[in-house]
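Residue numbers (our numbering): 1 to 362.
For glycine and all other residues, C-beta sits at the position ideal for the given N, C-alpha and C.
This report concerns only the one structure given below.
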């Protein structure tokens with residue numbers, strides 16, 4: 001059994017730390033530029049986009065703050081033109097000049113949509129969305145002789161464990177009869193499967209992982225599925241009946257990431273459905289910007305359910321409030337049912353007696 005070195009650029013714990021740091025960053029008069037940069041674009045294209053945005057954004061700043069804006073913009077420009085490793089696909093930059101300067105640059109191995117904003121507070125929604133969309137999951141790629149067990153975090157491999165099928169101690173014909181050989185082979189198969197299950201269970205327990213994808217031949221996938229303990233089997237979100245090509249697992253891993261995103265989308269829909277049911281019953285749910293804000297500040301919100309299509313100002317405010325209180329945040333994309341409720345809502349820990357029922361959609 002062999003472990004590979006960590007390949008992930010930014011662990012989930014680091015992202016949580018960065019979000020917490022940005023949420024708690026004191027507000028000042030100087031603007032902070034939040035820039036999300038897709039490094040797969042050419043540097044000329046990125047420089048042009050930054051210049052075009054900055055020309056308009058600078059005029060919106062008070063005249064006595066434009067020098068601070070210019071200095072923050074230079075930090076963004078320098079980060080864009082920095083020499084980044086090939087595996088870095090995007091960066092998030094937060095820069096503020098003035099009497100309380102601040103600079104944070106976060107590299108990622110997944111692509112982020114190009115986005116610039118200047119405000120008194122950092123724009124954190126894209127980070128929260130990334131954390132929600134690319135959480136941790138485990139992928140097992142099992143072939144006849146070797147099983148590779150991957151932990152994937154934020155779209156990159158954070159751990160890889162390799163386990164091999166145990167070798168038979170004898171051979172058919174010279175040393176073993178057919179019946180004895182078949183018995184030993186069955187024992188060998190069970191041990192191989194058991195070794196994989198042990199690693200999966202330990203890895204998922206150690207990391208608190210709730211999603212598992214199995215890949216490989218139909219026979220190996222079926223054997224693993226049937227051997228999983230019930231509490232792990234309930235976390236199985238997809239199967240890929242495909243094996244690595246000449247030892248290259250990259251295509252299987254890419255398909256696994258797509259499977260995981262599909263599972264996340266399904267979970268988002270389930271969460272919105274649950275929220276809608278609570279609203280219809282006048283129970284543990286509220287919808288609308290004001291009602292969600294009150295629930296978060298009032299301490300009776302359990303989870304924020306928010307559409308990425310919500311107006312940016314409201315989206316940032318509610319996301320910041322929820323993140324500051326370490327609430328679960330479910331980010332939804334293009335959900336018509338949530339849109340009918342105003343694009344945002346909260347599932348509640350309890351319903352205060354003074355809260356009116358919201359049978360009508362907002």
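Only residues of its own chain outside the window of five on either side were considered, and among them 214, 221 have a CB closer than 6 Å to the CB of residue 239, listed in chain order. The criterion of a C-beta distance shorter than 7 Å is satisfied by residue 216 and residue 142. Following the DSSP letters along the chain, one finds residue 231 in no beta strand (DSSP E) but inside the alpha helix (DSSP H) bounded by residues 230 to 233.
DSSP links residue 307 through a beta bridge to 332. Its chain contains 94, 117, 122, 123 as the residues whose beta carbon lies nearer than 6 Å to that of residue 34, once the 5 sequence neighbours on both sides are disregarded; these appear in chain order. The alpha-carbon separation between residue 159 and residue 354 amounts to approximately 49 Å. Contact fails between the region 257 to 271 and the region 307 to 325, because fewer than three Cβ pairs, one in each stretch, are under 8 Å apart. With contacts defined as CB atoms closer than 7 Å, residue 147 and residue 77 fail to qualify as a contacting pair.
Linking residue 40 to residue 130 through their CA atoms gives a straight-line distance of about 17 Å. Annotated three-state conformation of residue 158 is strand, per DSSP. Counted as a single uninterrupted DSSP element, the beta strand (DSSP E) harbouring residue 148 occupies residues 146 to 153. Between residue 150 and residue 201, the alpha-carbon positions lie close to 13 Å from each other. With contacts defined by Cβ atoms closer than 7 Å, residue 337 and residue 284 do not form a contacting pair. Judged by DSSP secondary structure, residue 286 falls within the beta strand (DSSP E) whose first and last residues are 285 to 287. Between residue 307 and residue 332, the gap from beta carbon to beta carbon is short of 7 Å. Between residue 304 and residue 275, the gap from beta carbon to beta carbon reaches 7 Å or more. Under the three-state reduction of DSSP output, residue 27 falls in the coil class, being neither helix nor strand.
One thing to note: residue 342 has its Cβ no nearer than 7 Å to the Cβ of residue 299. The beta carbons of residue 66 and residue 73 sit no closer together than 7 Å. Relative to the Cα of residue 16, the nearest Cα in the group 136, 70, 352 belongs to 136. For residue 323, the uninterrupted alpha helix (DSSP H) segment begins and ends at 312 to 324. Taken in chain order, the whole alpha helix (DSSP H) runs of length 4 or more contained in the region 50 to 101 are 66 to 80.
Taking residue 352 as the centre and dropping the five residues before and after it, the same chain places the C-beta of 298, 300 closer than 8 Å to its C-beta, in chain order.
For residue 126, the closest of 315, 32, 350, 52 by C-alpha to C-alpha distance is 315. Judged by DSSP in its simplified three-state form, residue 200 adopts helix.
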